[in-house]
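Beneath this line is the structure, given in structure tokens, with notes to follow.
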Amino acid sequence: MLTGLLPANASTFGGDIDHVFWLIFWIVGFWFVLAEGVLAYSLVRYRKGSSKRAAYLRGDSVRQLAWVLVPAAIILCLDLGIDRAGASAWDRIKGGIPPAATTVRITAKQFNWNFTYPGPDGKFGTADDVTVENDLHVPAGKVVRFELRSEDVIHSFFVPEFRLKQDVVPGRTIAGWFQADKPGTYEIACSELCGFGHYSMHGNVVVQSAKDYEAWSHDSWTPKTASNKSNADSD
Amino acid sequence: MTPGRPRLRRTNPTPTATETGIQMNIAIAPHHQAETSFIRRYIFSTDHKVIGKQYMLLSLTMAIIGGFTAYLIRWQLAWPETDIPGWGAIGPDNYNAIITMHGTVMVFFVAMPFLLGAFGNYLIPLMIGARDMAFPRLNMMSFWTIFVAAAVLTVSMFVPGGPAAAGWTAYTPLSDNPIYTGVTWGQNLWLLALALEFASFLMGGINFLTTTLNMRAPGMTLWRLPLFVWLEVTAAVVFLLSVGPLVAGALMLLADRTLGTGFFRPDRGGDPLLWEHLFWFFGHPEVYVVALPGFGIMLEVLPVFARKPIFGYRTMVWSTVAAGALSFVVWAHHMFVSGMDPRLATPFSVTTILISVPFAILVFCMIATVWGGSISFTTPMLFALGGLASFIVGGVTGIFLGSATTDIFLHGTYFVVAHFHYTLFPVTFFGGFAGLYYWYPKMFGRMMNETLGKIHFWLTFVFFNAVFIPLFAVGLRGNPRRIYEMSSYNFLAPVQHLHVIATIATIGLLVGQFAVVVNFAWSMARGKKAAANPWHAATLEWATDSPPPHENFEHVPVVYRDAYEYSVPGEANDWIAQTEPAIGHLSHVAAD
Numbered sequence: 000m001l002t003g004l005l006p007a008n009a010s011t012f013g014g015d016i017d018h019v020f021w022l023i024f025w026i027v028g029f030w031f032v033l034a035e036g037v038l039a040y041s042l043v044r045y046r047k048g049s050s051k052r053a054a055y056l057r058g059d060s061v062r063q064l065a066w067v068l069v070p071a072a073i074i075l076c077l078d079l080g081i082d083r084a085g086a087s088a089w090d091r092i093k094g095g096i097p098p099a100a101t102t103v104r105i106t107a108k109q110f111n112w113n114f115t116y117p118g119p120d121g122k123f124g125t126a127d128d129v130t131v132e133n134d135l136h137v138p139a140g141k142v143v144r145f146e147l148r149s150e151d152v153i154h155s156f157f158v159p160e161f162r163l164k165q166d167v168v169p170g171r172t173i174a175g176w177f178q179a180d181k182p183g184t185y186e187i188a189c190s191e192l193c194g195f196g197h198y199s200m201h202g203n204v205v206v207q208s209a210k211d212y213e214a215w216s217h218d219s220w221t222p223k224t225a226s227n228k229s230n231a232d233s234d
Numbered sequence: 000m001t002p003g004r005p006r007l008r009r010t011n012p013t014p015t016a017t018e019t020g021i022q023m024n025i026a027i028a029p030h031h032q033a034e035t036s037f038i039r040r041y042i043f044s045t046d047h048k049v050i051g052k053q054y055m056l057l058s059l060t061m062a063i064i065g066g067f068t069a070y071l072i073r074w075q076l077a078w079p080e081t082d083i084p085g086w087g088a089i090g091p092d093n094y095n096a097i098i099t100m101h102g103t104v105m106v107f108f109v110a111m112p113f114l115l116g117a118f119g120n121y122l123i124p125l126m127i128g129a130r131d132m133a134f135p136r137l138n139m140m141s142f143w144t145i146f147v148a149a150a151v152l153t154v155s156m157f158v159p160g161g162p163a164a165a166g167w168t169a170y171t172p173l174s175d176n177p178i179y180t181g182v183t184w185g186q187n188l189w190l191l192a193l194a195l196e197f198a199s200f201l202m203g204g205i206n207f208l209t210t211t212l213n214m215r216a217p218g219m220t221l222w223r224l225p226l227f228v229w230l231e232v233t234a235a236v237v238f239l240l241s242v243g244p245l246v247a248g249a250l251m252l253l254a255d256r257t258l259g260t261g262f263f264r265p266d267r268g269g270d271p272l273l274w275e276h277l278f279w280f281f282g283h284p285e286v287y288v289v290a291l292p293g294f295g296i297m298l299e300v301l302p303v304f305a306r307k308p309i310f311g312y313r314t315m316v317w318s319t320v321a322a323g324a325l326s327f328v329v330w331a332h333h334m335f336v337s338g339m340d341p342r343l344a345t346p347f348s349v350t351t352i353l354i355s356v357p358f359a360i361l362v363f364c365m366i367a368t369v370w371g372g373s374i375s376f377t378t379p380m381l382f383a384l385g386g387l388a389s390f391i392v393g394g395v396t397g398i399f400l401g402s403a404t405t406d407i408f409l410h411g412t413y414f415v416v417a418h419f420h421y422t423l424f425p426v427t428f429f430g431g432f433a434g435l436y437y438w439y440p441k442m443f444g445r446m447m448n449e450t451l452g453k454i455h456f457w458l459t460f461v462f463f464n465a466v467f468i469p470l471f472a473v474g475l476r477g478n479p480r481r482i483y484e485m486s487s488y489n490f491l492a493p494v495q496h497l498h499v500i501a502t503i504a505t506i507g508l509l510v511g512q513f514a515v516v517v518n519f520a521w522s523m524a525r526g527k528k529a530a531a532n533p534w535h536a537a538t539l540e541w542a543t544d545s546p547p548p549h550e551n552f553e554h555v556p557v558v559y560r561d562a563y564e565y566s567v568p569g570e571a572n573d574w575i576a577q578t579e580p581a582i583g584h585l586s587h588v589a590a591d
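From first to last, the protein sequence lines stand for chains A and B. According to numbering that gives the first Met the number 0, the first sequence is numbered sequentially starting from 0. According to numbering that gives the first Met the number 0, the second sequence is numbered sequentially starting from 0.
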């Protein structure tokens, strides 16, 4: 039942994030139950009339304070454990970008996601670049590198099932990566307020098998290139 | 025997006439006559008690706007296709304006004036045994400055172009260039209102600090101060030290919008992340500016109704000072996915999660304070305990957001919304209402109705939890904040029923607040007359009449002991006032 708290994970690093999540969940869950439990117990146990007179406990001796300081010291150690687990996962996810099979330039603007592929020549900035709106096609099981740019305000590229979120900041190019486990369609949400259409700045990541992706890129890149060319001719 | 600390040299605990005379000169610096005309007494008053009540009136009035916007937001989220009863339909641009106003009003014009302005002003001089604040005129000016700020913000809701709609965090360039929102004067006035509000609390903060350092009654050493005073002053210092960068940021943003500069605009060579740093360098300490006074109130209430001394008084002082200091080096945890250098994430995670230690100490000491007590569940006690129990939820959920790794997923979702409402609501409203029910007799000379108070507590406690527990679940499913309606996203369809639950609970929570409005008004006219010290509390504000006379005390009180001497073994009464001469306890005083 608890695992249903989070959406099913669909990326390679999502598991690392979920692992840290559940580590924190059980640690803070324990302290939460303990603290609320002791509080609730003392409220029932020491309600007025249940004993003659309140105890005179000032908590200014080390012996009394140990009841507070020892748990706090344990919490400190657990904090450091959480930091350690978090830091190593963070480094795997954000420390660098693994060699990528596919690179996509993602341009956010009020209120659309545009995905630019390098086209058949594999180079950006050439005439055969292909831009598609709102549907990001990627191959399953391959590292995808993305470069985020914004044309106007800050947006945030969020794919909940990949545990992937990265703000898109105008004036910067922010690179990142992900690797989807298996084919499927996963929703993209904008998670930084970007104006009146923020709520509808929706997109999809279409994860395809290597074969399907190959077929898609063949189909959609070639005719697009032709039409780009004819546009260029008519200018 | 230290010179300059007469308390230590005194062998006869009753001060001589000469001593009292000297002490009075020390403590009555801002001596002024009782003001007689209506305007001088109730409008442009320099009396800290009147100013405190003015702040309270302002904050509770603004809370009506804050609460009403909460209702609009929640209705829209539960039933997006319907007209909101009492308002009508709202579009996505209105929605963004409404969430911006909700956050701005609640943080800057409800929480701060309620916890610092109202309680801080009213109580600090009374609790330290002073006649008034150190700078009464500055105090008056601080109130009238926030009054103007609140007026400017209110006016901004009605100007052409609409109110500010870039969120209470006003991220640039959304807030910077009007072409992105269509908002023109609304955002300018929003910035002006904030700058004025900051100026107001700068004046207030200087007053809190100076008053507490210089105007304590004889014998009121720092270690005998009520914790409320300690925490208010710590909050004031944190505010003074953190607000500067954001005042600069607000003026830079205003210049971007009106003078054509481009501090935060990439098309003019500026950087949006600069705004985020400036905002959060203030914004995170601001959480503690609000939280510490709320805790301060709970810490006054708990020992009185548990009839026990505070457990770990000095430990708590040091913990809150440590939390305040740490709050200056955690701000970038709001920016883990902002695009800042990823190598900054782990250091900021470590500092952020480290804050759990002083707060754990604080919470454990509060629990230890009621442990072994003789607890009466009066309305103020219920609110203090409800605040403590709820804050624990806010505290533990902060760890998920402090860890940069889990924040990748949770950042900007309803999990964040639920988390910070679980920190700020308990301190502002549970803490604030605890304070209201506890000090109302002192402020207005009459007791509030207990039955109505308890109804108010249970409605607030149950409905508050019923609003925000579902929102944790919503956030864990990845629901982003500030979304006008969820139907664009298929993955959010399964959580829609949780939004409906949260909305019904919000309506219950808001309706429940009529109990306190009625109680407040009814008790003013019909409440039982309050004795000087109806709760048998030990601190100085109870050593004078209810309500206190002009200049607070008939004679300047002399303090002989700690603030929380309850159930002292061998004593007939279960409390000893701070003013009670320490006959037979001199060894204890001298050792202090």
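Built from N, CA and C at the ideal position, the CB exists for glycine as well.
For A:PRO138, the closest of A:SER208, A:LEU4 and A:SER50 by C-alpha to C-alpha distance is A:SER208.
Of all residues in the region 346-373 of chain B, only SER348, VAL349, ILE352, LEU353, SER355, VAL356, ALA359, ILE360, VAL362, PHE363, CYS364, ILE366, ALA367, VAL369, TRP370, GLY371, GLY372 and SER373 place a beta-carbon less than 7 Å from a beta-carbon of chain A. Residues of the region 73-89 of chain A with a C-beta atom less than 7 Å from some C-beta of chain B are ILE74, LEU75, ASP78, ILE81, ASP82, GLY85, ALA86, ALA88 and TRP89, listed in chain order. Distance from the CA atom of B:PRO346 to the CA atom of B:ILE352, rounded to whole angstroms, is 10 Å. With respect to the 8 Å criterion, B:LEU173 and B:THR180 are classified as neighbours on the basis of their beta carbons. Residue pairing by DSSP places B:GLY268 opposite no residue, since no beta bridge is assigned to it. Contact annotation: B:ILE127 and B:MET219 have beta-carbon atoms nearer than 8 Å. At a C-beta separation below 7 Å, A:LYS47 has these neighbours in chain B: SER373, ILE374 and SER375. In this structure, the beta-carbon distance from B:ALA322 to B:PHE358 falls below 8 Å. Within the region 139-219 of chain A, the runs of beta strand (DSSP E) at least 3 residues long that lie entirely inside it are, in chain order, 142-149, 154-158, 163-167, 173-178, 183-189 and 201-207. When only Cα atoms are considered, B:HIS101 and B:VAL246 end up about 21 Å apart. Residue pairing by DSSP places B:ASN572 in no beta bridge whatsoever.
By the Cβ criterion, the region 142-152 of chain B is not in contact with the region 214-232 of chain B, since fewer than three pairs of Cβ atoms, one from each stretch, lie closer than 8 Å. The C-beta separation of B:ALA249 from B:ALA194 comes to about 5 Å, placing the pair in contact by the 8 Å criterion. B:VAL557 carries a coil assignment under DSSP once its states are collapsed to helix, strand and coil. When rounded, the separation of the alpha-carbon atoms in A:VAL158 and B:VAL415 is 17 Å. Annotation: B:GLU484 is outside any beta strand (DSSP E) and is labelled neither H nor E by DSSP. Remark: C-beta atoms of A:HIS197 and B:SER487 do not approach each other more closely than 8 Å.
Under the 10 Å beta carbon count, A:TYR40 is surrounded by fewer than 16 other beta carbons and is classified as exposed. The region 43-50 of chain A and the region 91-110 of chain A do not touch, with fewer than 3 CB-CB distances between them shorter than 8 Å. Shortest Cα-Cα distance from B:MET105 to any of B:SER58, B:ASN95, B:GLY116 and B:ALA77 involves B:SER58.
For B:ARG476, the three-state secondary structure derived from DSSP is coil.
With a contact defined as Cβ atoms closer than 8 Å, A:ASP128 and A:THR115 qualify at about 6 Å. Residue range 413-424 is occupied by the alpha helix (DSSP H) that includes B:TYR421. Within the model, the alpha-carbon separation for A:LYS210 versus A:PRO169 is close to 35 Å. Contact annotation: B:VAL356 and A:LEU33 have beta-carbon atoms that are not nearer than 8 Å. Beyond the five residues adjoining it in sequence on each side, B:PHE118 comes within less than 6 Å, by CB distance, of GLY434 in the same chain, given in chain order. Annotation for A:VAL143: ALA99, ALA100, THR101, THR102, VAL103, VAL137, TRP176, PHE177, GLN178 and ALA179 place their beta carbon closer than 8 Å to its own, counting only its chain and skipping 5 residues before and after. Rounded to whole angstroms, B:VAL510 and A:ARG62 show a C-alpha spacing of 47 Å. Within 10 angstroms of the beta-carbon of B:LEU458 lie 16 or more other beta-carbons, which makes it buried. Listed along chain B are ALA367, each with a C-beta nearer than 7 Å to that of A:TRP66. Looking at B:ALA537, B:LEU291, B:ALA129 and B:VAL303, the one whose alpha-carbon comes closest to that of B:ASN206 is B:ALA129.
Counting C-beta atoms within 10 angstroms of its own C-beta, B:ASP82 has fewer than 16 neighbours from the protein chains shown and is therefore classed as exposed. Between the beta-carbon of B:ILE407 and that of B:VAL336 there is about 6 Å, and that keeps the pair under the 8 Å contact cut.
Only residues of its own chain outside the window of five on either side were considered, and among them VAL19 and LEU22 have a CB closer than 7 Å to the CB of A:ALA84, listed in chain order.
Within 8 Å of the CB of B:VAL336, the CB atoms of chain A belong to SER155, LYS164, GLN165 and ASP166, in sequence order along the chain.
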